[in-house]
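For the sequence shown, numbering that gives the first Met the number 0 begins at 0 and goes up steadily by one.
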Amino acid sequence: MKSRGERHIGLLNGFAAYGMWGLVPLFWPLLKPAGAAEILAHRMVWSLAFVAVALVFVRRWAWAGELLRQPRRLALITVAAAVITVNWGVYIWAVNSGHVVEASLGYFINPLVTIAMGVLLLKERLRPVQWTAVGVGATAVLVLTIGYGRPPWISLTLAFSFATYGLVKKKVNLGGVESLAAETAIQFLPALGYLLWLSSHGDLSFASEGPGHAALLASTGIVTALPLVCFGAAAIRVPLSTLGLLQYLAPVFQFLLGIFYFGEAMPPERWAGFALVWLALTLLTWDALRTARTLRREIRRPSTTMTTGTVSAVRKAESLASGAEPPASPSARP
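Next up, the structure:
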C-alpha cells in the first residue's frame, strides 16, 4: 500500500505527463518553417539521443541484449516503430495545418477503437453497456462525417494507429523508456537519411534558421521523453483507475486549445458529434467503475478465494482504458 505522500507525488507526475501531452499543440507551431516531415525526423533522431543518455545514466541496458536475441519481439518493435511514425507524423501535420480539434477527437475516440479491435482481433466479449458505447461512438463518427463533409480521417488515423500501437506493445511487454529507445533506434537511420537528403537540397531548416530554431528542433527529444518519464513515475504510485481517468486530460486540453487559442470553428453538427463521443466515454467509465466495485466486493467476502483470473479482471476493470489494457507505456502519445 502506497503512503499518502507517494500517492501525492504520483498524482503530480500524472498531471504533469498528461498535461504536457495535452499542451503539446503549443509547441509544434514554434518549429515552423520546418515542415511536418522534417519535424518528425528530428523528433526521431533527438528522442533516441535523449533516451540513450538517460539509459546510460541509470545503467539500464540488459533489456537490449535480450531483445536482439528474440526476433519475434524485435519484429513487433519494428511494427510499433512504423505505427508510431504514422501517429506522430499525422499529429504534427494536423496541428500545424489548423486541425487541432480534429486531432483531439482522435484521442477521445481511441478507447472506442481499442474496444472494437479487441472484439475483431482478440475475440473479446463486451458487456451490454460497452456495446452501447461503441454504437454511440459509431453514430458520432457518422454525424462528424456529415458535419465535415468527409470522414474525419485525421481523427480515425490517430485513433487506429494508437490502438494498433497499444495492441503491439501488449505483445512486446517492454517498459516505456526502453520501448521508446528501441523504436527510435529503428527509426534513426531513415530519419537521419531524410535530414541529410534535405540538407543536400538546401531545404533543411535546422541549418538555415539560426541557433534558436536548431535548439527548438533538438528539444523535440525532451518534449517526447519527459512526459513519458513523468508517466512512469505516476504509474508505480497511483491506482490504474486514476491513470485511466487522467488520460482524458490530454484530449480535453487539446480540444480547448483548438477552440480558444487556435480559434478553430465548431459548428452545431460538430458539437453534436463530440457530445456523442463524450457520452460514449461516460458510459465506458461508469461501466468500468461499477464492474471494478462489484469485483472488489466479491474479493473482500471471507468465503471468496482471490484467484489470478479475478485479480486480473479487477485490474482490467480499474484501468478505465475503455475496457482495454491499462495505459502502461503510451510512448506514442502526441
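Glycine included, C-beta positions come from ideal geometry on N, C-alpha and C.
* **Integer Cβ distance of Ala181 from Leu66, believed to fall under 8 Å** => 6 Å
* Near Ser311, which residues of its chain fall below 6 Å by C-beta distance, leaving aside the five closest residues on each side in sequence? -> Unreliable placement is indicated for Ser311, whose pLDDT of 49 sits below 50; the coordinate value is still reported in the next sentence. Counting only Cβ-Cβ distances below 6 Å, and skipping sequence neighbours, we find nothing.
* Asked: Just curious, the alpha helix (DSSP H) that Met43 is in, first and last residue?
  -> Start and end: Ala35 to Val57.
* **Buried versus exposed, by CB contacts within 10 Å (16 or more), Val89** => Per the 10 Å Cβ criterion, buried.
* Asked: Taking Cβ to Cβ, would you say Leu47 is nearer than 9 Å to Thr183?
  -> yes
* To do: May I have the straight-line CA-CA distance separating Trp277 from Ala33, to the nearest angstrom?
  => So the two alpha carbons sit approximately 35 Å from each other.
* Asked: Looking only at C-alpha atoms, which of Leu195, Val100 and Met19 sits nearest to Met265?
  -> Val100
* Three-state secondary structure assigned by DSSP to Pro150 -> coil
* Asked: From which residue to which residue does the alpha helix (DSSP H) around Trp87 run?
  -> Run containing Trp87: Pro70 to Asn95, per the alpha helix (DSSP H) assignment.
* Could you check the C-alpha separation between Leu111 and His200 for me, to the nearest Å? => Leu111 and His200 have their C-alpha atoms spaced approximately 43 Å apart.
* **Own chain, CB closer than 7 Å to Val222, minus 5 neighbours either side, in chain order** => Val23 and Phe26
* With distances taken from CA atoms, which of Val228, Leu288 and Gly272 is nearest Leu15? -> Position check: residue 15 holds Ala in this sequence, whereas Leu was assumed. If we check each option's Cα against that of Ala15, Val228 comes out closest.
* Asked: How long is the line joining the alpha carbons of Gly174 and Ala234, rounded to whole angstroms?
  -> 11 Å
* Which of helix, strand or coil does DSSP assign to Tyr260? -> helix
* Collapsed DSSP secondary structure at Met116 in the structure displayed -> helix
* Asked: Roughly how far, in whole angstroms, is the beta-carbon of Leu120 from the beta-carbon of Gly272, given that I think they are within contact range, below 8 Å?
  -> Going by Cβ atoms, the distance from Leu120 to Gly272 rounds to 26 Å, so no, they are not a contact pair.
* **First through last residue of the alpha helix (DSSP H) which encompasses Gly336** => With the chain covering only 0 through 333, there is no way to say anything about residue 336.
* Whose C-beta lies closer than 8 Å to the C-beta of Gly97 among residues of the same chain, with five residues either side of it excluded? -> So the qualifying residues of the chain are Phe261 and Glu263.
* Taking only the alpha-carbon atoms, compute the straight-line gap between Ser103 and Gly21 and give it to the nearest angstrom. => 9 Å
* To do: Return the chain-ordered list of same chain residues with a C-beta closer than 7 Å to the C-beta of Ala162, the five sequence neighbours on each side being excluded.
  => Cβ within range, chain order: Asn109, Val112, Thr113 and Met116.
* Using the rule of at least 16 other Cβ atoms within 10 Å of the residue's Cβ for burial, across every protein chain shown, is Ile145 buried or exposed? -> exposed
* Distance CB(Ala158)-CB(Gly105) smaller than 9 Å -> yes
* For Pro333 and Ser218, the rounded distance between their alpha carbons -> 15 Å
* Endpoints, alpha helix (DSSP H) assigned at Asn172 -> Taken as a continuous stretch (DSSP letters only), Asn172 belongs to no alpha helix (DSSP H), as it is neither H nor E.
* Which residues mark the beginning and the end of the alpha helix (DSSP H) in which Arg6 is found? -> Arg3 to Leu22
* To do: Could you give the DSSP three-state label for Val142: helix, strand or coil?
  => Residue state, collapsed to three classes: helix.
* Using beta-carbon positions only, say whether Val133 and Arg124 come within less than 9 Å of one another. => no
* Asked: Who are the Cβ neighbours of Val237 in its own chain at under 7 Å, not counting the five residues just before and after it?
  -> Arg6, Gly9, Leu10 and Gly13
* When you compare each of Ala232, Tyr164 and Trp152 to Tyr17 by their alpha carbons, which one comes out closest? -> Ala232
* With a 10 Å radius around its C-beta and 16 neighbouring C-beta atoms as the bar for buried, classify Asn334 as buried or exposed. => No statement about residue 334 is possible, as the shown extent of the chain runs from 0 to 333 and does not include it.
* To the nearest whole angstrom, what separates the beta carbons of Gly220 and Phe49, a pair I think is in contact under 8 Å? -> At roughly 4 Å, the Cβ-Cβ gap stays under 8 Å, so Gly220 and Phe49 are in contact.
* To do: Please specify which runs of the alpha helix (DSSP H), each continuous and at least 4 residues long, are wholly inside the region 228-296, giving them in chain order.
  => 239-245 and 248-255
* Asked: Taking C-beta to C-beta, are Val44 and Leu191 nearer than 9 Å?
  -> Contact: yes.
* Residues of its chain near Pro28, where Cβ-Cβ distance is below 8 Å and the 5 sequence neighbours each way are ignored -> Val94 and Asn95
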